[in-house]
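In my numbering, each number is its position in the sequence shown, counted from 1, plus 19.
No residue lacks a Cβ here, since even glycine has one placed at the ideal position from N, Cα and C.
Treat the numbers as computed from the prediction; the structure is a model and nothing was measured.
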Amino acid sequence: MENYESLGTIGEGTYGVVLKCRHKVTGQIVAIKKFKESDDDEQVKKTALREIKILKQLKHENIVSLLEVFRMKGKLYLVFEFVEKTILEEIERHPDGLDPLTLKNLMWQLVRAITFCHQHNIIHRDIKPENLLVSRNGVLKLCDFGFARPLASAGAKYTEYVSTRWYRAPELLVGDVSYGKAVDVWSIGCMFAEIATGLPLFPGDSDIDQLYHIIRCLGHITSRQQDLFRRNALYVGVKLPQSSELEPLEARFPTMDKVSLDFIRQTIVDEPLDRWTCAELLKHPFFENSHEAFEAELQEAIARDLNDNAVRKKRARKPSRGNALAGAIPVMPVSSSTFNDPLTNGVDTCKPLGKLLFAPVQKKEKSGVAASDNSNSNAHIVSRKTPRDWFCPWWSVPFTDTSRRDEQLVQLQLHIKYSYNY
20 MENYESLGTI GEGTYGVVLK CRHKVTGQIV AIKKFKESDD DEQVKKTALR EIKILKQLKH
80 ENIVSLLEVF RMKGKLYLVF EFVEKTILEE IERHPDGLDP LTLKNLMWQL VRAITFCHQH
140 NIIHRDIKPE NLLVSRNGVL KLCDFGFARP LASAGAKYTE YVSTRWYRAP ELLVGDVSYG
200 KAVDVWSIGC MFAEIATGLP LFPGDSDIDQ LYHIIRCLGH ITSRQQDLFR RNALYVGVKL
260 PQSSELEPLE ARFPTMDKVS LDFIRQTIVD EPLDRWTCAE LLKHPFFENS HEAFEAELQE
320 AIARDLNDNA VRKKRARKPS RGNALAGAIP VMPVSSSTFN DPLTNGVDTC KPLGKLLFAP
380 VQKKEKSGVA ASDNSNSNAH IVSRKTPRDW FCPWWSVPFT DTSRRDEQLV QLQLHIKYSY
440 NY
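This is the structure:
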């Protein structure tokens with residue numbers, strides 16, 4: 020980690036934490052997954068090595084890139100490209116669901132990513148809003164392959180407890196260990212409904228409650244799944260839930276168009292063999308006449324992301340014109356309306372290349388309260404809340420030479436005078 024500066028914690032999981040970091044030389048912003056003591060914990064080591072192996076196989080525009088792997092003090096570190104936000108945040112910003120065109124674009128990218136995984140005989144097993152990243156220019160990236168694994172031969176058995184409950188297929192809920200790519204297809208259907216409406220399709224409070232939500236929608240689960248439920252030691256003495264009043268998809272979403280309903284209907288099927296494959300979903304009428312336009316938009320958005328990253332790296336390597344002293348700390352409140360960073364305030368620095376998929380949200384500032392920078396909000400960095408909180412620009416570090424402090428302060432005053440208007 021000596022080459023990186025930590026900017027905060029993005030998230031924590033069973034096997035470690037994910038940090039937002041900046042490369043000290045290049046200025047590149049990355050996400051670093053730090054595993055727990057991998058040398059001492061065989062399960063952590065197994066999980067980490069499997070994720071590394073899978074990600075080295077999967078190089079795709081809609082799958083997060085693994086940039087580097089290193090070990091330090093018995094811990095494994097995985098360095099990924101940093102992506103600004105998650106689908107979960109977009110859903111929270113749009114509680115009634117995203118607009119139809121954005122929904123179609125995101126679902127097209129998601130199905131492409133999973134299709135690529137399945138073509139390489141790999142199932143993700145944990146598709147959910149938190150694991151779908153979206154760049155500021157609208158490029159979707161599938162991430163977190165900690166539960167992913169290659170498919171073995173027919174009849175092979177896998178771990179039964181995978182996938183977050185709300186997005187878990189019925190065969191997983193009843194304890195089936197002989198499953199396949201169809202578990203990802205089920206999750207895709209759940210994601211479609213949630214992005215479209217802003218609400219989870221099956222928000223179960225427990226595995227039993229999850230089965231109840233599914234049966235209330237579909238009316239049943241397969242006879243094999245019912246048999247597995249009865250033989251599952253976790254459900255001894257528990258009856259399979261039944262619903263006296265069914266709520267099929269068309270009743271649940273009365274205003275949804277028929278094509279969208281049919282897309283969900285082809286994924287939310289109790290029998291795994293009857294679910295459409297990802298390759299078939301790409302040919303669904305929902306995406307009709309959209310492939311060429313979406314492909315062009317995707318390439319444009321990727322170019323914009325590359326350009327934005329290049330600007331950030333250039334700014335990190337080359338301080339601003341007024342910064343004659345790299346060792347000084349200009350003291351300024353974050354509430355200053357004159358401090359405008361085009362990369363964090365949502366200003367389009369690459370307008371000729373096209374338009375943003377997500378328009379920047381205009382936020383009202385309360386009087387006397389610092390504006391919160393949410394451009395990278397999925398990183399879960401603690402926001403600055405009051406004018407008492409001070410901002411140290413990215414190009415500054417503390418005084419290091421006390422013998423030259425007076426000279427430094429003079430240069431600092433000149434820097435502030437010519438760089439900021441108070």
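Residue nearest to residue i in terms of C-alpha spacing, selected from the options
| i | options | result |
| --- | --- | --- |
| valine 257 | Gly46, Leu159 and Leu247 | Leu247 |
| isoleucine 207 | Ile48, Glu70, Thr134 and Ala312 | Thr134 |
| lysine 94 | Val63, Glu80 and Arg69 | Val63 |
| glutamate 213 | Ser263, Ser279, Lys55 and Cys297 | Ser279 |
| alanine 171 | Tyr186, Val196 and Val153 | Val196 |
| glutamate 56 | Ala50, Val49 and Lys65 | Lys65 |
| alanine 500 | Tyr96, Phe164 and Glu314 | Absent from the model: residue 500. The displayed extent of the chain is 20 to 441, so no value can be given. |
| lysine 333 | Asn22, Tyr34, Glu31 and Val44 | Val44 |
| phenylalanine 54 | Val98, Gly27 and Thr286 | Val98 |
| aspartate 145 | Glu108, Val330, Ile233 and Cys209 | Cys209 |
| leucine 237 | Trp205, Ala252 and Thr216 | Trp205 |
| proline 273 | Thr216, Lys302, Glu316 and His239 | Thr216 |
| leucine 301 | Ile48, Glu109, Met126 and Met20 | Met126 |
| arginine 187 | Ser225, Leu120 and Asp58 | Ser225 |
| methionine 28 | Cys40, Ser242 and Leu77 | Note that residue 28 corresponds to threonine in the displayed sequence, not to methionine. Selected option, being the one with the closest Cα: Cys40. |
| glutamate 80 | Val330, Arg331 and Ala315 | Ala315 |
| arginine 112 | Leu218, Leu74, Arg235 and Ile48 | Leu218 |
| valine 37 | Asp163, Ser84 and Pro222 | Asp163 |
| glutamate 269 | Ile73, Arg131 and Arg284 | Arg284 |
| asparagine 326 | Gln47, His42 and Tyr34 | Gln47 |
| aspartate 2 | Gln76, Met275 and Leu317 | The first residue shown for the chain is 20 and the last is 441, placing residue 2 beyond what the model contains. |
| histidine 239 | Thr183, Pro260 and Leu220 | Pro260 |
| histidine 303 | Phe221, Asp289 and Phe282 | Phe282 |
| lysine 78 | Asn124, Pro169 and Ala132 | Ala132 |
| arginine 271 | Leu151, Asn124, Ala329 and Arg235 | Arg235 |
| glutamate 74 | Gly223, Gly165, Leu220 and Arg331 | In the sequence as presented, glutamate is not what sits at residue 74; that position holds leucine. Of the listed residues, the one whose Cα sits closest to leucine 74 is Gly165. |
| lysine 277 | Phe305, Val255, Thr183 and Tyr34 | Phe305 |
| glutamate 100 | Glu87, Ile110 and Glu108 | Glu87 |
| lysine 52 | Met20, Val330 and Gln76 | Met20 |
Residue interval of the beta strand (DSSP E) (run including residue i)
| i | result |
| --- | --- |
| serine 242 | Element bounds for serine 242: not the beta strand (DSSP E) but the alpha helix (DSSP H), 242–250. |
| arginine 41 | 35–42 |
| serine 25 | 23–31 |
Neighbour-count burial assignment, residue i, 16 or more Cβ in a 10 Å radius
| i | result |
| --- | --- |
| phenylalanine 211 | buried |
| phenylalanine 89 | exposed |
| serine 25 | exposed |
| methionine 91 | exposed |
| glutamine 128 | buried |
| valine 366 | Here valine 366 scores only 37 on pLDDT, less than 50, and its place in the model should not be relied on; the value that follows carries that caveat. Exposed. |
| glutamate 22 | Before going on, a small fix: residue 22 reads as asparagine here, not glutamate. Exposed is the call here. |
| proline 114 | exposed |
| proline 148 | buried |
| arginine 250 | exposed |
| isoleucine 287 | buried |
| alanine 167 | buried |
| glutamate 70 | buried |
| leucine 85 | buried |
| alanine 67 | buried |
| leucine 120 | exposed |
| aspartate 360 | With a pLDDT of only 40 at aspartate 360, under the threshold of 50, the placement of this residue in the model should not be trusted; the figure read from the coordinates follows. So aspartate 360 ends up on the exposed side. |
| alanine 252 | exposed |
| lysine 404 | Low confidence applies to lysine 404: its pLDDT is 36, below 50, so where it sits in the model is not reliable, and the reading given next is rough at best. Its Cβ having fewer than 16 others within 10 Å, lysine 404 is exposed. |
| isoleucine 233 | buried |
CB contact check: residue i to chain B, cutoff 8 Å
| i | result |
| --- | --- |
| leucine 292 | You won't find chain B in this structure, because it holds only one protein chain. |
Length at least 4, wholly inside the stretch 152–232: the alpha helix (DSSP H) runs in chain order
189–192 and 201–216
Counting beta carbon pairs with one atom in the stretch 235–251 and one in the stretch 303–311, are three or more of them shorter than 8 Å?
no
Would you call the stretch 133–153 in contact with the stretch 195–206, where contact means no fewer than 3 C-beta pairs closer than 8 Å?
yes
Along the chain, which unbroken stretches of the beta strand (DSSP E) at least 3 residues long are found entirely within the stretch 52–136?
85–91 and 94–100
For the 8 Å Cβ check, are there 3 or more pairs between the stretch 185–199 and the stretch 217–233?
yes
May I have a chain-ordered list of the alpha helix (DSSP H) segments no shorter than 4 residues that lie completely inside the stretch 232–316?
242–250, 268–271, 277–286 and 297–301
Touching by the beta-carbon criterion (3+ pairs, under 8 Å), the stretch 97–113 and the stretch 145–163:
yes
On the three-pair Cβ rule with 8 Å, is the stretch 251–265 touching the stretch 289–298?
no
I want to know whether the stretch 319–329 touches the stretch 157–166 - three or more CB-CB distances under 8 Å.
yes
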